[in-house]
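Numbered per the numbering used here, the sequence shown spans residues 8 to 468.
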Amino acid sequence: MTNKMWGGRFSKATNELLEDLNASISYDYRLAKYDIEVSIAHAMMLAKSGIIKNEECDLIANGLKSVKKEIDDGKFELNKQLEDIHMNIESRLTEIIGPVAGKLHTARSRNDQVVTDTRLFLIEKTNNLIALIEENQKILSQQALDNFDTIMPGYTHLQVAQPITLGHHLLSYVELLNRDKLRFKDSLKRLNESPLGAAAMAGTSYPIDREYSAKLLGFDRPMSNSIDAVSSRDMILETLSNTAILSVNLSRFAEEIILWVSTEFNFIKLPDSLTTGSSIMPQKRNPDGAEIIRSKAGRVIGSLSTLLVVMKGLPLTYNKDLQEDKEPLFDAIDTIELSLQVMCQMITEMKPNKDRMLKSAKNGYSIATDIADILVQNLDIPFRDSHKIVGSIVSFAEENNKPLDELVVEDYQKIDKRITIELVNKISFDRIIHNKTSQGGTAPSNVKKEAKKWLKALKNR
Ligand code: ARG
């Protein structure tokens with residue numbers, strides 16, 4: 008049998024292997040609800056413009072609603088021979104309402120239909136991702152407020168650098184996620200244009216009203232150029248790259264969670280529900296969730312590269328290559344949605360081990376830079392000189408196996424006579440942290456204010 012929808016000029020059926028290669032129905036069935044929405048809007052536009060009769064439009068719209076119900080009830084049968092979701096739906100519509108169904112495809116093509124469906128999918132998913140990001144930001148801000156004065160080591164080169172507050176560290180992810188969110192929000196401006204009515208690629212001679220169908224579907228306006236409308240996929244690339252950046256950001260936090268739950272760090276604890284056991288080593292509690300989130304970034308980046316490579320050098324306008332946009336898009340969206348959901352759970356449930364974090368912060372001579380600053384501020388010496396003096400103080404502490412804040416004035420004076428008891432009294436761990444009040448700094452007072460600011464901003468979201 009030749010294809011029912013386009014087989015007019017064909018005398019032989021499609022080769023079965025080609026059919027397998029060519030069909031997209033196994034994945035583009037996910038566009039069904041948008042496809043029906045788009046078809047109803049198109050039919051209404053055709054009726055309004057006098058291209059079909061109102062009664063025909065009603066028949067078509069009601070028929071499409073019955074198809075939608077069959078899909079929702081799981082009664083709709085997908086047929087590979089009909090290639091894709093567009094032709095599966097139209098064919099079923101024909102079975103239900105008869106030949107009048109054939110009028111639906113007036114002044115349109117699958118080329119404008121598929122990108123319109125895809126844009127509606129992208130808009131819905133983008134809004135959903137924005138909400139999920141905000142959920143993560145909210146939970147992070149709450150944890151930051153709960154831990155506004157929980158001291159932990161801050162790292163550079165994964166070596167203890169300076170003491171920070173856990174709240175400050177968590178809020179850095181709130182900022183990072185905010186930029187992810189803004190990227191998605193910004194992309195909505197470009198997604199919000201309707202390709203419908205571009206037809207195959209050149210527009211149409213029917214007196215269609217593209218403004219009307221665009222408005223019916225909730226778009227801001229129709230796209231301006233029919234060639235651009237059917238051939239561009241940059242909006243998918245944009246979503247995929249936003250998703251790839253987000254997944255990389257999540258993978259960095261996931262990596263920190265993995266480090267923090269390790270026996271060596273022991274900074275946080277995750278509940279049993281968010282860890283898994285080992286089939287051989289009874290003592291293990293593995294942070295699989297975080298590990299999978301870390302690795303999923305690879306998969307999402309893969310989706311972006313797939314589509315970039317598909318698009319590279321592709322001539323305008325529509326080419327069947329463009330059908331390959333869907334699987335990477337669906338996969339990346341599903342992956343990031345699940346990652347964001349699991350991340351929410353992990354942030355909510357993680358319990359910091361405050362004693363252990365404080366001990367680690369003190370261990371690595373993390374206040375050396377602050378001692379150097381205290382010397383600069385009190386002895387009127389250049390920072391470079393003070394850096395040298397503190398270098399010797401650290402060596403002394405190391406040789407004598409003492410943390411820096413336990414050295415006494417006599418110890419300091421062995422290195423430099425100018426260091427007085429008043430000066431040494433200023434070297435307290437707590438004081439150093441509380442003094443980091445520069446804008447954006449780690450002082451608990453700053454962190455409390457910032458966490459509250461974020462919670463307020465995210466409150467009604
Ligand atoms: N399934 C196709 C896709 O996803 C729909 C458009 C087909 N257009 C065509 N001229 N064969 O791209």
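By construction, the Cβ of each residue, glycine as well, lies at the ideal position given by its N, Cα and C atoms.
VAL349 is the residue among ASP328, VAL349 and THR427 whose C-alpha sits nearest the C-alpha of ILE264.
Its chain contains LEU177 and ILE354 as the residues whose beta carbon lies nearer than 7 Å to that of GLN150, once the 5 sequence neighbours on both sides are disregarded; these appear in chain order.
Contact between LYS75 and LYS40 is confirmed by a C-beta separation of about 7 Å, below the 8 Å threshold.
For LYS192, the shortest separation between its Cβ and any heavy atom of the ligand ARG does not lie below 7 Å. Between the segment 357 to 365 and the segment 389 to 405, the count of C-beta pairs closer than 8 Å stays below three; the two stretches do not touch. Here TRP13 is exposed. Its C-beta has fewer than 16 other C-beta atoms within 10 Å. Restricting attention to PHE260, PHE226, TYR372 and GLY70, the CA atom closest to the CA of THR123 is found in PHE226. Contact annotation: the segment 133 to 150 does not touch the segment 100 to 114, with fewer than three C-beta pairs closer than 8 Å. Between the ligand ARG and ASN95, a heavy atom-to-CB distance of less than 7 Å is absent. Taking the C-beta atoms as reference points, LEU281 is found nearer than 8 Å to GLU356. Under the three-state reduction of DSSP, PRO359 is assigned to strand.
Annotated three-state conformation of ALA379 is helix, per DSSP. As far as DSSP is concerned, ILE243 takes part in no beta bridge. Per DSSP, VAL167 is one residue of the beta strand (DSSP E) stretching across 166 to 172. In this structure LEU315 does not touch LEU253 by the C-beta definition: roughly 17 Å separates them, more than the 8 Å allowed. Taking a cut-off of 8 Å on C-beta distances, the segment 261 to 275 touches the segment 286 to 302, as three or more cross pairs fall below it. In the DSSP annotation of this structure, the continuous segment of the beta strand (DSSP E) that includes TYR162 starts and ends at 158 to 163.
A direct Cα-Cα distance of roughly 39 Å separates ASP187 from GLU84. Between ALA221 and LEU195, the C-beta spacing is not below 8 Å. Distances from the CB of ARG37 to the heavy atoms of the ligand ARG are all 7 Å or more. Nearest C-alpha to ALA450 among GLU413, LEU465, LEU173 and GLY81: LEU173.
Residue environment for GLN446: exposed (fewer than 16 other C-beta atoms within 10 angstroms of its C-beta). Straight-line spacing of the CA atoms in ALA209 and ILE92 works out to 23 Å. Looking at the backbone, the Cα of ILE47 and that of PRO294 are separated by about 48 Å. Annotated three-state conformation of ARG186 is helix, per DSSP. Counting only the Cα atoms, ILE340 lies some 18 Å from LEU329.
Short of 6 Å from the beta carbon of LYS276, and not among the five residues preceding or following it, lie these beta carbons of its own chain, in chain order: LYS358. Note that the C-beta distance between MET242 and LEU129 is below 8 Å. Closest option to ASP65, judged by alpha-carbon separation, among ILE104, LYS421, ASN95 and GLU97: ILE104. Considered as a whole, the segment 34 to 87 harbours 39 to 55 and 61 to 79 as its complete alpha helix (DSSP H) runs of no fewer than 4 residues, in chain order. Secondary structure at PRO106: helix, using DSSP grouped into helix, strand and coil. As DSSP reads the structure, SER201 sits in a beta bridge with PRO229.
For the set SER310, ALA236, LEU257 and GLU200, the Cα lying nearest the Cα of THR246 is the one of SER310.
By the neighbour-count definition (other C-beta atoms within 10 Å, threshold 16), ASP437 is an exposed residue.
Here HIS164 is exposed, its C-beta having fewer than 16 other C-beta atoms within 10 Å. The DSSP-derived three-state label of ASN293 is strand.
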